[in-house]
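Each residue of the sequence shown is one higher than the last, beginning at 1 in full-length UniProt numbering. All C-beta atoms in this analysis are idealised placements derived from N, C-alpha and C, irrespective of residue type, glycine included. The structure displayed is predicted, hence computed values, not measured ones.
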Amino acid sequence: MVDEAKVDESKQMDFAKVEKRVRSTGGGSTGTVSDPNEKFYGGDNQYRTSGQAMEFKQLNVHAWEPYEKGQDVHMQVAPSQAELLYKNYKVIKEKLKTKTKDTIMEKYGNAAAEEEIPKELLLGQSEKQVEYDRAGRMIKGQCLETPFSLQQHLSFPLQFGWLGLMWSSFNPHGTTLFLEEDPKWVQTILRDAASLHAQHVLYHTQLSQADELIRSYRSEQDCAHLQLKGNSGCRLALSDLPSEVYDKEWDLIMIDAPRGYFHWRRGKMGAIYSISLLWLGLERVFGVTHVFLHDVDRKVEKMFAEEFLCRKHLVHAVGRLWHFQIPSGINLTHSSNAITFCSNN
1 MVDEAKVDES KQMDFAKVEK RVRSTGGGST GTVSDPNEKF YGGDNQYRTS
51 GQAMEFKQLN VHAWEPYEKG QDVHMQVAPS QAELLYKNYK VIKEKLKTKT
101 KDTIMEKYGN AAAEEEIPKE LLLGQSEKQV EYDRAGRMIK GQCLETPFSL
151 QQHLSFPLQF GWLGLMWSSF NPHGTTLFLE EDPKWVQTIL RDAASLHAQH
201 VLYHTQLSQA DELIRSYRSE QDCAHLQLKG NSGCRLALSD LPSEVYDKEW
251 DLIMIDAPRG YFHWRRGKMG AIYSISLLWL GLERVFGVTH VFLHDVDRKV
301 EKMFAEEFLC RKHLVHAVGR LWHFQIPSGI NLTHSSNAIT FCSNN
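Structure below.
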């Protein structure tokens, strides 16, 4: 006689072994086989989320949405019409995507497609300063430390913030001035770091105006002389900065503001132009002016740097940061109609 209970128990054990073997070798829905054709069992919903099922689902959704809004589109009544409309929709969507991408690339440039920076500029050596928290973790990344002593340091910061204390500590015996675009941020920082020297400034030009500004500044009479302070007629001139900015001979100038992320935001055009007038108008007898410009991977910053700071003065390049060294006694091409900043760029 045969014990049926033992037979059923034996069959259940065999089935369990088969299921375990299938799943462990990648045959089940949780297997690790990369090729779906090699799977023994892919799960109950594998056909709902693959192949033509997904395409058919998207086709139906595309027909339902306009139908609910009152348009004469119906998958069951006129399937050919619905399929044609969906096909046209995909073509138009892809064209719009490509056009949007091309517009952005034309406006802001593509750092990957730009011409390579000269090799000699990539070999510049500099010290790096890294900040750590109490647990020994790096918190601020690597910062470029300038290998020369400072006396006058002017900064157009993105947000001078708590790093302003670090920059000021590099120049303990000179003047370090921060020009910040956000008045609330100035108040917040100075409330807890009163030793910092900071002023709020207004920037008047938007990033969307960059191309028009660089084309027209030569024909604007107010931009044809070296006057910066009070020169409100030149759109690029920062004419209402604190008097201290115009009067001192700055040894180092850092430009990292305004942000200029989007075309409606303020851009760095006015800051770059005004800085070039600062070192031209001071007529230094000796020494050099060091200018650091950030975000040169973007079209506008690079274009204005080459127009006003001159590539021939570029001495170092680190990532998105360019270091210009402006010598004293520059022979400037200057007429009653225009100023040529980089005649032999």
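Item	Value
Alpha-carbon to alpha-carbon, S80 and Q58	15 Å
Range covered by the beta strand (DSSP E) that runs through H62	Not the beta strand (DSSP E): H62 falls in the alpha helix (DSSP H), residues G51 to E68.
Under the three-state DSSP convention, the category P79 falls into	helix
Supposed contact pair L314 and F304 - C-beta distance, whole angstroms, cut 8 Å	Not confirmed; about 13 Å, so no contact.
Backbone secondary structure at V201 - three-state DSSP	coil
Straight-line Cα distance separating P183 from I326	31 Å
Residue interval of the alpha helix (DSSP H) (run including Q187)	P183 to D192
Rounded separation between L96 and E83 - CA only	20 Å
Nearest residue (CA-CA) to E181, options G233, E106, G260 and S232	G260
Own chain partners of H200 with C-beta closer than 7 Å, once the 5 adjacent residues on each side are dropped	E180, P183 and V186
Proximity of V300 and A237 at Cβ, strictly below 8 Å	no
L242 classed as buried or exposed, judged by whether at least 16 other C-beta atoms fall within 10 angstroms	According to the sequence shown, residue 242 is Pro rather than Leu. Classification for P242: exposed.
Buried/exposed call for M54, threshold 16 Cβ in 10 Å	exposed
Presumed contact (8 Å Cβ cut-off) between G267 and L207, rounded CB distance	4 Å
Sequence-distant residues of its chain with Cβ nearer than 6 Å to G230 (five each side left out)	S239
Identified DSSP bridge partners for P258	Partner(s): none; P258 has no beta bridge.
N302 to Y89 span [Cα, whole Å]	Per the sequence shown, residue 302 should be read as Lys rather than Asn. Whole-angstrom Cα-Cα distance: 38 Å.
Contacting residues, own chain, Cβ-Cβ under 8 Å from D247 (five flanking each side not counted)	none
Three-state secondary structure assigned by DSSP to A210	helix
Among K69, K87 and V61, the one whose alpha carbon lies nearest that of M75	V61
Status (buried if at least 16 other CB within 10 Å, exposed otherwise) for G70	exposed
Buried or exposed by the 16-neighbour rule on C-beta atoms within 10 Å, applied to F178	buried
Burial state of residue 358 (16 or more Cβ within 10 Å)	With the chain running from 1 to 345 in the structure shown, residue 358 is simply not present.
Residue range of the alpha helix (DSSP H) that includes E180	E180 -> not in any alpha helix (DSSP H); beta strand (DSSP E) instead, spanning T175 to E180.
Best match in M166, Y67, D295 and P172 for proximity to A257 [C-alpha to C-alpha]	D295
Closest residue to L277 among F292, F341 and H263 (Cα-Cα distance)	F341
Backbone secondary structure at W250 - three-state DSSP	coil
Enclosing alpha helix (DSSP H) for V300 [first to last residue]	K299 to F304
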